[in-house]
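Engineer:
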Amino acid sequence: MLTAKVKVTPRENYAPILPVAIPDLQEVKAFANTLHAAGNYWKGEYLGWQAEYTPGNNEKPIDSNMQFTPADFWIGESGIWFFSLMWEHGKNKEPVEFLDERGLVQTA
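Converting from the sequence shown to our numbering requires adding 24 to each position, the first position being numbered 1.
1. So what's Q74 in DSSP terms, helix, strand or just coil?
2. State the DSSP-derived secondary structure class of F55, mapped to helix, strand or coil.
3. Quick check: G100 and F92, are their CB atoms within less than 8 angstroms of each other?
4. Sort out for me which residues DSSP pairs G100 with in a bridge.
5. Counting along the chain, where does the beta strand (DSSP E) carrying V120 start and finish?
6. Assign H113 to buried or exposed, taking buried as 16 or more other Cβ atoms, counted over all protein chains shown, within 10 Å of its Cβ.
7. When we look at the beta-carbon of V52 and count the other beta-carbons within 10 Å, is it buried (16 or more) or exposed?
8. For a quick check, are the C-beta atoms of V129 and I41 less than 8 angstroms apart?
9. By Cβ distance below 6 angstroms, which residues in the same chain neighbour F97 in space, the five residues on each side in sequence not counted?
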């Protein structure tokens, strides 16, 4: 099978439904945890999707009750398929997960 990227130009009264490869979340989490253990900023493509990891730091975020800036990882495209992890309870705690699948019409 050939995996390709397609850019769909929005048009009125036209909403194509295309097959999309959705990564296995366990595989994505393992990759994110590897990045988190290394603690280095990373941005690139993983399993065909744009992704980014930003390590946390001890600075308090502006306009936030949090006492530090948590590490975070995201992958995907909001509105199609998007998954993120944020270590808001601390570097060595389980991350908070967010999954946006609202763009998926049907899964096999």
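Ideal Cβ placement from N, Cα and C applies to all residues, glycine included.
Structural biologist: Working from what's here:
1. On the sequence shown, position 50 is the one that residue 74 refers to. Note: Q74 maps to strand in three-state DSSP.
2. The count along the sequence shown starts at 1 and reaches residue 55 at position 31. Of the three classes helix, strand and coil, the one that applies to F55 here is helix, per DSSP.
3. Counting from one through the sequence shown, the residue named residue 100 turns up at place 76. Counting from one through the sequence shown, the residue named residue 92 turns up at place 68. No, they are not a contact pair.
4. Counting from 1 along the sequence shown, the entry for residue 100 is found at position 76. Answer is F106.
5. As a position in the sequence shown, residue 120 is number 96, starting the count at 1. That run of the beta strand (DSSP E) goes V120 to D124.
6. Position 89 of the sequence shown holds residue 113. Exposed.
7. As a first step, residue 52 is located in the sequence shown; it is residue number 28 there, counting from the start. Classification of V52: buried, given that the 10 Å Cβ count is 16 or more.
8. Here the question's residue 129 lines up with position 105 in the sequence shown. Here the question's residue 41 lines up with position 17 in the sequence shown. Against a cut-off of 8 angstroms, the Cβ pair of I41 and V129 comes out as a contact.
9. Here residue 97 corresponds to residue number 73 of the sequence shown, with the count starting at 1. By the criterion of a C-beta distance shorter than 6 angstroms, F97 is surrounded in its chain by A56, Y77 and L109, once the five residues flanking it on both sides are discounted.
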